[in-house]
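Each number in the working numbering comes from the position in the sequence shown (counting from 1) with 8 added on.
One structure is given here, and the rest of the page talks about it.
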Amino acid sequence: MPERDRNAQADSGNGASDADISPAGRVGLLDVAFSRINYGFGAMVIVGLPFTAWYAYLGHDPLGLVLWVAWYGMGKLVVSRMYRQYRRERAAGEHEACLRRWLPRVQGMALVCGASLTIPPLLTAHHASFEFQLLYLMTVAAIVAGNPQHSSPVLSVFRCFFVPGWGGVTVLVPYSFPDHWYFVLPLTLLHLQRMLQHSASSHAFFVQNIVLQEERARLAEDYRHAKEQAEKALYDKNLFLTTASHDLRQPVHAMGFLVESISRNNRDPALDNALADLRQSVRSATQMFNALLDLSRIESGRVRITTEAVDLAEVVGNVATIFREEARNRGLALRVHLPAGESVALADATLLRQSLGNLLHNALRYTRTGGILLALRRRSGGWRCEVWDTGIGIATNDGADIFSPFFRNEHAWTIDSAGHGLGLAVVARCCSLMGAEYGFRSREARGSCFWIQLAPAPAQSAVPGAPHEPVRAQALPRWSGSCLVVDDDPLVCSAWETLMQSWGLQVACVESGEQAFRLLDDGFRPNALFCDQRLRSGESGFELLSALLERLPEASGAMISGEQDSPELLAAEEQGYLVLRKPVEPLELQAVLGHWLASA
């Protein structure tokens, strides 16, 4: 049997279990018991002196009692010295070793302290008066009565003191009170039984308190550990998105260029609407992708929340475009209700898109039949964005917890793809950051409506968004000139070539500075330079662009990068260089090239 289990059985008493207490907790209980034994030796010196003087006053030889008091005095010196040694060893933190070493010693000290209480009755019986014997018996009873509250934390220590002490005095009652023992003995036996019960309940109380303290400490430690894990997971996620931002943006960047090129070269009017939807889908995906990365930066505290006038109709339309195909695949109708005229509110566009996207995704997930309505309405002097569904609804008891992290209502338990309960928690966080109100109403098995209430903004103040109509090929100008692109991603280079050629530009794509300067040596003179910041060759895109512009002072150039917080990019912007962030909108690129080529 393990040592801890043996000690637990020895100290557990009447049903109170020490097995649930850690070694550190049991050492804490031993502290209390040891302290009481140390105090008891000193207290008996003070108690013994009046009885010794009284015994001498009665005309008896007090030598035996003097030696008894001296015995307790020497015991006090020895026990105090051992107590100080125990405290030093306890401070070292080796609790198991401390228990194995000191528990038997403290039990032995308690045994000596208790057994010594029987010496005065042996010395003074048949000599001292009845009053002397009775007062000593009452004094010992008082001393014993106080011990369950102090030495019973370790029940074996209390019993080592109590059984030889009060038990010995009880056995000596007929000897100490030869004429009255039949009156006194029942009282001492009753006191014996009551003290055993009291010590057991006191011990159980101490054990329960230690167990509760340790449970609270464990819960606090578990909470701290869980909090650290959650913070680390959030940090790792944000670090991944930040580190991988360039690589994640590359395919989206290329896709935007390719869609624009296809639209430019399309000659079939029947494809115009499909290409318009495709362009808008790519644009919306780009916006949501940027929102995801921006949200990770917001969570890490590296982005300031920007509350500004936002065109709600544009945001709602973009979000609906992203989810329309998913709704169609699920056999659900996705409808959008927009008011006539302007709908401008104060919000952070990134957080609002994230919130509406989460609400719409939630509605699709919990709706089996029927449809979804994404509506924008005037409410309470402001604007309310609403997401209605005909889904499974929310149980009444779950209403208070629905926006809590990791919470899934009971109806979601039967849905395998019901996520991890973070979507609505993110909505609550985004709304809190924007200072917007949010809420829901629901009927079980009938559906739900989630809403976000936004404050109005002055008319004509919305941040302009990209147009929804497709840009026809014949509406685009055809430029003349040449362009040099430095990018080491073949897919991106192919997209650059396709788009630039559709605009009538000569384009050359290279992977490194060495290839770029070789082209210049061969006589290629571009009007525009675009250089990616992160190149596999290890070159700095900013330094390369500076060198190319120094070689071609008549040309214009810009940095292209998927990174957000690169020190080199920030330095480039401070020095007046143009920095375009991936994914680059084709319309944005058109504006830049139009300005450069017109100037040239």
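Even for Gly, the Cβ is constructed at its ideal location relative to N, Cα and C.
Could you check whether residue j and residue i sit closer than 8 Å to each other, using their CB atoms as the reference points?
{"i": "L552", "j": "C539", "result": "yes"}
{"i": "L367", "j": "V324", "result": "no"}
{"i": "L200", "j": "T178", "result": "yes"}
{"i": "P591", "j": "H261", "result": "yes"}
{"i": "G176", "j": "L227", "result": "no"}
{"i": "F138", "j": "T132", "result": "no"}
{"i": "F42", "j": "Y91", "result": "yes"}
{"i": "A524", "j": "W604", "result": "no"}
{"i": "P128", "j": "W76", "result": "yes"}
{"i": "L507", "j": "G489", "result": "no"}
{"i": "R96", "j": "C106", "result": "no"}
{"i": "G389", "j": "R451", "result": "no"}
{"i": "A465", "j": "V352", "result": "yes"}
{"i": "V290", "j": "V267", "result": "yes"}
{"i": "G565", "j": "L578", "result": "no"}
{"i": "L286", "j": "F331", "result": "no"}
{"i": "A225", "j": "A355", "result": "no"}
{"i": "M82", "j": "A153", "result": "no"}
List the whole-angstrom C-beta distance separating residue i from residue j, where the pair is believed to meet the contact cut-off of C-beta under 8 Å.
{"i": "V219", "j": "L38", "result": "Actually they are not in contact, since the Cβ atoms of V219 and L38 sit about 16 Å apart, beyond 8 Å."}
{"i": "E394", "j": "W487", "result": "About 46 Å; that fails the 8 Å criterion."}
{"i": "R526", "j": "S569", "result": "About 24 Å; that fails the 8 Å criterion."}
{"i": "L384", "j": "L320", "result": "6 Å"}
{"i": "W504", "j": "G455", "result": "That pair is no contact at about 48 Å."}
{"i": "T314", "j": "L340", "result": "Actually they are not in contact, since the Cβ atoms of T314 and L340 sit about 34 Å apart, beyond 8 Å."}
{"i": "W174", "j": "V148", "result": "7 Å"}
{"i": "A328", "j": "V344", "result": "5 Å"}
{"i": "N273", "j": "S520", "result": "Incorrect: roughly 30 Å between the Cβ atoms, too far for contact."}
{"i": "D365", "j": "L342", "result": "What sits at residue 365 in the sequence shown is Gly, not Asp. At roughly 13 Å, the Cβ-Cβ gap does not stay under 8 Å, so G365 and L342 are not in contact."}
{"i": "W391", "j": "L462", "result": "5 Å"}
Along the chain, where does the alpha helix (DSSP H) that runs through residue i open and close?
{"i": "D39", "result": "P31 to Y65"}
{"i": "V592", "result": "That residue, V592, is in no alpha helix (DSSP H); it is neither H nor E in DSSP."}
{"i": "I380", "result": "No alpha helix (DSSP H) holds I380; the beta strand (DSSP E) holding it covers G379 to R387."}
{"i": "E522", "result": "G521 to D529"}
{"i": "R95", "result": "L71 to A99"}
{"i": "L577", "result": "P575 to E582"}
{"i": "L354", "result": "Here L354 belongs to no alpha helix (DSSP H); instead the beta strand (DSSP E) covers V352 to A355."}
{"i": "W174", "result": "L163 to V179"}
Just mark residue i as buried or exposed, buried being the case when its beta carbon has 16 or more other beta carbons within 10 Å.
{"i": "E581", "result": "exposed"}
{"i": "F248", "result": "exposed"}
{"i": "G56", "result": "buried"}
{"i": "R361", "result": "buried"}
{"i": "T377", "result": "exposed"}
{"i": "N22", "result": "Legend: pLDDT at N22 = 39, less than 50; position of this residue unreliable, value from coordinates given subsequently. N22 is exposed by the Cβ-count criterion."}
{"i": "E547", "result": "buried"}
{"i": "L180", "result": "buried"}
{"i": "I151", "result": "buried"}
{"i": "V494", "result": "buried"}
{"i": "R109", "result": "exposed"}
{"i": "V515", "result": "buried"}
{"i": "P472", "result": "At P472, the pLDDT of 45 sits below 50, so the modelled position is not reliable; the number obtained from the coordinates is stated separately. The residue is exposed, with fewer than 16 neighbouring Cβ atoms inside 10 Å."}
{"i": "L597", "result": "buried"}
{"i": "Y94", "result": "buried"}
{"i": "E350", "result": "exposed"}
{"i": "N370", "result": "buried"}
{"i": "A483", "result": "Residue placement at A483 is flagged as unreliable, the pLDDT there being 44, under the threshold of 50; the coordinate-derived value follows with that caveat. Under this definition A483 is an exposed residue."}
{"i": "R613", "result": "One cannot answer for residue 613 here, as it falls past the ends of the chain, which runs 9 to 608."}
{"i": "P534", "result": "buried"}
{"i": "A348", "result": "exposed"}
{"i": "S425", "result": "Note that S425 scores a pLDDT of 46, beneath 50, so its modelled location is shaky and nothing firm can be said."}
{"i": "G531", "result": "exposed"}
{"i": "G48", "result": "buried"}
{"i": "E571", "result": "buried"}
{"i": "Y190", "result": "exposed"}
What is the residue span of the beta strand (DSSP E) that residue i lies within?
{"i": "W511", "result": "Run containing W511: none; DSSP gives neither H nor E here."}
{"i": "R343", "result": "A341 to H345"}
{"i": "A149", "result": "No beta strand (DSSP E) holds A149; the alpha helix (DSSP H) holding it covers F138 to G154."}
{"i": "F411", "result": "Element bounds for F411: n/a, residue is neither H nor E."}
{"i": "E445", "result": "E445 to R451"}
{"i": "Q644", "result": "Nothing can be reported for residue 644: it is not among the residues displayed for the chain, which extend from 9 to 608."}
{"i": "A536", "result": "A536 to D540"}
{"i": "S490", "result": "S490 to V494"}
{"i": "G390", "result": "G390 to D397"}
State yes or no: is the beta carbon of residue i nearer than 8 Å to at least one beta carbon in chain C?
{"i": "A433", "result": "No chain C appears in the structure shown, which is made up of a single protein chain."}
Cβ-heavy atom distance between residue i and the ligand ATP below 7 Å?
{"i": "G570", "result": "Judged by which ligands are present, the structure shown has none, so any question about the ligand ATP falls away."}
*Inter-stretch contact at 8 Å, needing at least 3 Cβ pairs: the stretch 60 to 71 / the stretch 104 to 119*: The stretch 60 to 71, when compared against the stretch 104 to 119, does not touch it at the 8 Å Cβ threshold.
*How do the stretch 35 to 55 and the stretch 102 to 114 stand: do at least 3 beta-carbon pairs fall below 8 Å, yes or no?*
These segments touch.
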